[in-house]
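**Q**
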Amino acid sequence: MFRIRPPVGALNPSETVSVMLTFNPGKSTPNNEKHHFSIHYIKSTDEKEAPRIAWVEYKGDPEGTKRLYVDFAEEGGKGDGEKKEENKGETMTDGANAEKKDEKKSNPH
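Counting from 29, one number per residue, gives the positions in the sequence shown under our numbering.
#1: According to DSSP, is I67 part of a helix, a strand, or is it coil?
#2: Can you give me the start and stop residues for the beta strand (DSSP E) that V84 sits inside?
#3: Just the C-alpha distance for R8 and T50, rounded to the nearest angstrom, thanks.
#4: Since I believe M29 is in contact with N60 (beta carbons under 8 Å), could you give me their beta-carbon distance rounded to a whole number of angstroms?
#5: Evaluate V141 with the Cβ neighbour count: other Cβ atoms within 10 Å of its Cβ, from every protein chain shown; 16 or more gives buried, anything less gives exposed.
#6: Go ahead and label I67 buried or exposed: buried means 16 or more other beta carbons lie within 10 angstroms of its beta carbon, across all protein chains shown.
#7: What are the boundary residues of the beta strand (DSSP E) that includes V47?
#8: Would you kindly check if the distance between the Cβ of R80 and the Cβ of V36 is under 9 Å?
#9: Take K94 as the anchor and find which of T57, K87, I70, A82 has the nearest alpha-carbon.
#10: Distance check for S42 and K87, CA to CA, integer angstroms please.
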């Protein structure tokens with residue numbers, strides 16, 4: 029239902045990165061706040077190690093998880109079934125706290 033790019037990455041403390049979340053529509057646009065994607069994070073001691081390798085070698089549960097709910101905004105004022113994209117950025121400060129930054133969507137909260 030969703031495609032996220034990049035699916036794996038690395039952040040330094042207080043760094044911001046943008047990820048592209050693409051909704052691939054099927055029949056109709058789902059209800060808001062019913063779907064989410066999760067960001068799982070761990071601390072890495074080796075800055076040169078590739079993020080995928082760090083996850084493969086990591087034993088145990090992630091140090092933290094941030095769940096971000098998806099709001100589906102209609103493009104052009106109508107639900108036309110076209111692919112919709114949302115730009116989300118994530119800032120991770122100390123490995124135990126994650127906060128949403130730049131959102132390219134309408135969010136009443």
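Backbone N, C-alpha and C fix where the C-beta goes; we use that ideal spot for every residue, glycine too.
In this text the structure is predicted, and so the values were computed from the model without any measurement.
**A** In short, the structure shows the following:
#1: strand
#2: Careful: V84 lies outside any beta strand (DSSP E), inside the alpha helix (DSSP H) at 79-85.
#3: This structure leaves residue 8 out entirely; the chain is present only between 29 and 137.
#4: With 8 Å as the limit, N60 and M29 do not qualify as a contact, their Cβ atoms being about 14 Å apart.
#5: With the chain covering only 29 through 137, there is no way to say anything about residue 141.
#6: buried
#7: 44-51
#8: yes
#9: I70
#10: 25 Å
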